[in-house]
Amino acid sequence: MTRSSMVTSRRRKALRRANVPGLLTMLVLLGLWEILVRFGVTEFQFLPAPSAIARGAERLLRSGDLQGNLLHTLRVTTLGWLAAGLLGISLGLLLGLSNTAWRYSMASIEVMRAIPPVSLVPIALLVFGFSVRMELTIIVFVSAWPVLVNAIAGVRSVRAELVDVSRMLRLSRLAQIRKVILPGAMPSIVVGLRLAMSLSLVLAVVAEMIGNPSGLGHAVIRAQQALQPEDMFAYVLTIGMLGVALNTLLRFVSARVLPSLATGPGDAR
Amino acid sequence: MVAPVASDHAPACGCRNVSVDLDSTEGPRRVLAGVDLDVDDAEFVAVMGRSGSGKTTLLRVLGGLLLPTEDSTVTFHGEPISGPPDGAVFVFQDYAASLLPWRTVERNVMLGLEGKVSKPERHSRVAEALAMVGLAERATDYPWRLSGGMQQRVQLARALAMRPSVFLMDEPFGALDAMTKSSLQDELQRVQERTHATVVFVTHDVDEAVYLSDRIVILEGDPATVTQRIQVDLPRPRDQLATKEMSEFLRIRRRVYDAIVHGDE
Numbered sequence: 001m002t003r004s005s006m007v008t009s010r011r012r013k014a015l016r017r018a019n020v021p022g023l024l025t026m027l028v029l030l031g032l033w034e035i036l037v038r039f040g041v042t043e044f045q046f047l048p049a050p051s052a053i054a055r056g057a058e059r060l061l062r063s064g065d066l067q068g069n070l071l072h073t074l075r076v077t078t079l080g081w082l083a084a085g086l087l088g089i090s091l092g093l094l095l096g097l098s099n100t101a102w103r104y105s106m107a108s109i110e111v112m113r114a115i116p117p118v119s120l121v122p123i124a125l126l127v128f129g130f131s132v133r134m135e136l137t138i139i140v141f142v143s144a145w146p147v148l149v150n151a152i153a154g155v156r157s158v159r160a161e162l163v164d165v166s167r168m169l170r171l172s173r174l175a176q177i178r179k180v181i182l183p184g185a186m187p188s189i190v191v192g193l194r195l196a197m198s199l200s201l202v203l204a205v206v207a208e209m210i211g212n213p214s215g216l217g218h219a220v221i222r223a224q225q226a227l228q229p230e231d232m233f234a235y236v237l238t239i240g241m242l243g244v245a246l247n248t249l250l251r252f253v254s255a256r257v258l259p260s261l262a263t264g265p266g267d268a269r
Numbered sequence: 270m271v272a273p274v275a276s277d278h279a280p281a282c283g284c285r286n287v288s289v290d291l292d293s294t295e296g297p298r299r300v301l302a303g304v305d306l307d308v309d310d311a312e313f314v315a316v317m318g319r320s321g322s323g324k325t326t327l328l329r330v331l332g333g334l335l336l337p338t339e340d341s342t343v344t345f346h347g348e349p350i351s352g353p354p355d356g357a358v359f360v361f362q363d364y365a366a367s368l369l370p371w372r373t374v375e376r377n378v379m380l381g382l383e384g385k386v387s388k389p390e391r392h393s394r395v396a397e398a399l400a401m402v403g404l405a406e407r408a409t410d411y412p413w414r415l416s417g418g419m420q421q422r423v424q425l426a427r428a429l430a431m432r433p434s435v436f437l438m439d440e441p442f443g444a445l446d447a448m449t450k451s452s453l454q455d456e457l458q459r460v461q462e463r464t465h466a467t468v469v470f471v472t473h474d475v476d477e478a479v480y481l482s483d484r485i486v487i488l489e490g491d492p493a494t495v496t497q498r499i500q501v502d503l504p505r506p507r508d509q510l511a512t513k514e515m516s517e518f519l520r521i522r523r524r525v526y527d528a529i530v531h532g533d534e
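As they're listed, the protein sequences go chains A and B. The letter at position 6 of the first sequence is residue 6 when you use the working numbering, and the numbering goes up by one with no holes. Each number in the working numbering comes from the position in the second sequence (counting from 1) with 269 added on.
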């Protein structure tokens, strides 16, 4: 295979993987939106055309506001997610492995995780005031639940036969957890972590809108109050793209981590 | 490969008055009652009985995976045990569920050696065990890629790598086809011959029990006890065709069938 033909075939494969029909539809919809606003078909005073939004975004990028707010939200989301993950996994291991602990705590867990997360924001505001701490606390408290619940389920789903194997091979408790229980629970834990990521972003934005005066959420509200719809939309779209980026990253990482766990005879290799 | 030396007079596995209560929906149910069984060093004992007769329970008690009632005594090379002893290894019936799907064949075989034996020693033992079961070329494959017979061989290799003095096998060849079964039976025989290990083998298959063992023990009743002990004095090494044609083989086989089908007569 010549070098140039390798490059062409790689480009062709990339094109095939890119969602061409999906992208085309999006472009058509954007075009439609632009036309509707330009020709005054829609009467909304504060619904800008995509071109106006693009100009607003460019302005925000040049002033550095977009990056600054993006970075804040990204940092808080990631930090909160990591803390929620660590908390959820360690507690989940404990509750999954200890029947007594599980029996005593499951009812409380079911109640606490049922509380709509957004309704906790005013409480956090009262307790912590307008601060990053308030934002992080909300994120961690709410995002930990899916990780916890999935970790518990994952641990308990490890087959009894494997536990027998680890016992008869006289693995230490630590080795048993590290080599059998944790890998066995991993698929479930990863699901919990991905759910937690979506929650973390949402709660970060909400907390920024209501409590902590920084980040993308706060910027959206400020733009709204200043009657600057282009900026507002630009920020909202940024939030959306951040969510997509984080989710894609997680999906990529979990695909690398999980293949040896998830493959079965059905996967062609 | 030499099995660790045990005390001269103590049996490899011993049960005295062993009773086991298991949880059921109606409360604790006595599954085994007053079982006495001694398995001597290098002896091959087959445990038989009807489905649900407590064979697996007895095996788990011998291997320390299950604790019997307070007045029971379970010993391993003369020492009472309260958990899986060092030197006893199980081979379970459900091979697919007993292998770690996220580890390759060789890392599965290595599982029991990690942290206990040096790295070069680990690798050499794993290679030796895989060679013994004929899976040296599949060392880097994942279990799901292997056939049922091969997966069971991986479990066997894992047990072999531990160099145990006692193999506790729970219908290990029950889910395999006839050809694989007979080849694994012969492999097991060769291993036992070479290592002088003790084997306690639970099976439903009368032919298999008579072919492989030195003694057959039959569990019966509810709760179950040992009702019959049948000595199998057939010459070793045994051959799939020659041994099974001997009149003594057929006589013992008939005896075992009668014992299981017609009960204590």
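Note that the Cβ used here is the ideal one computed from N, Cα and C, for glycine as well.
In the displayed model, F141(A) falls within a helix according to three-state DSSP.
If you draw a 10 Å sphere on the C-beta of T472(B), you find 16 or more other C-beta atoms in it, and that means buried. Within chain A, the residues placing a beta-carbon under 8 Å from that of F361(B) are E161, D164, V165, ordered along the chain. For T100(A), the enclosing alpha helix (DSSP H) stretches over residues 99-114.
About 5 Å separates the Cβ atoms of G80(A) and L136(A), confirming a contact at the 8 Å cut-off.
The DSSP assignment places no complete run of the alpha helix (DSSP H) inside the stretch 422-459 of chain B (cut-off: 4 residues). For P353(B), a Cβ of chain A is located within less than 7 Å of the residue's own Cβ. Under the DSSP assignment, G333(B) falls outside any alpha helix (DSSP H); it carries neither an H nor an E label.
Relative to the Cα of R173(A), the nearest Cα in the group A151(A), S188(A), L94(A) belongs to L94(A). Within chain B, the C-beta atoms nearer than 8 Å to that of A175(A) come from E383, G384, in chain order. At a cut-off of 7 Å between C-beta atoms, S367(B) counts as an interface residue with respect to chain A.
By the Cβ-count criterion, E208(A) is buried, with 16 or more other Cβ atoms from all chains shown falling within 10 Å of its own Cβ.
Taking one beta carbon from each stretch, the stretch 307-327 of chain B and the stretch 478-495 of chain B have 3 or more pairs nearer than 8 Å; the two touch. Against chain A, the beta carbon of V358(B) has neighbours under 9 Å at M168, L169, listed in chain order.
Under DSSP, the beta-bridge partners assigned to L291(B) are R298(B). Annotation for W145(A): R113 place their beta carbon closer than 6 Å to its own, counting only its chain and skipping 5 residues before and after. Between D410(B) and V386(B), the C-beta gap is not smaller than 7 Å, which leaves the two residues out of contact. Distances from the CA of V287(B) to each of L327(B), E456(B), V308(B) were compared; the closest alpha carbon is that of L327(B).
Contact between A151(A) and G211(A) fails: their C-beta atoms lie close to 28 Å from each other, not under 8 Å.
Counting only runs of at least 4 residues, the stretch 370-422 of chain B fully encloses the following alpha helix (DSSP H) elements, listed from N- to C-terminal order: 374-379, 388-401. No Cβ-Cβ contact shorter than 7 Å links A430(B) with V469(B). Q176(A): not part of any beta strand (DSSP E); member of the alpha helix (DSSP H) spanning 173-176, first to last residue. With contacts defined by Cβ atoms closer than 7 Å, T73(A) and L169(A) do not form a contacting pair. Judged by DSSP in its simplified three-state form, E312(B) adopts coil rather than helix or strand. Contact of G332(B) with chain A by beta-carbon distance below 7 Å involves M168.
Nearest to R75(A) by C-alpha distance, out of V220(A), R133(A), V191(A), M26(A), is R133(A). Burial state of V165(A) is buried, judged by a 10 Å Cβ sphere holding 16 or more other Cβ atoms. If you ignore the 5 residues before and after A528(B), its C-beta comes within less than 6 Å of the C-beta of I487, Q497, all in its own chain and listed in chain order. For the 7 Å CB-CB criterion, M197(A) and L250(A) form a contact.
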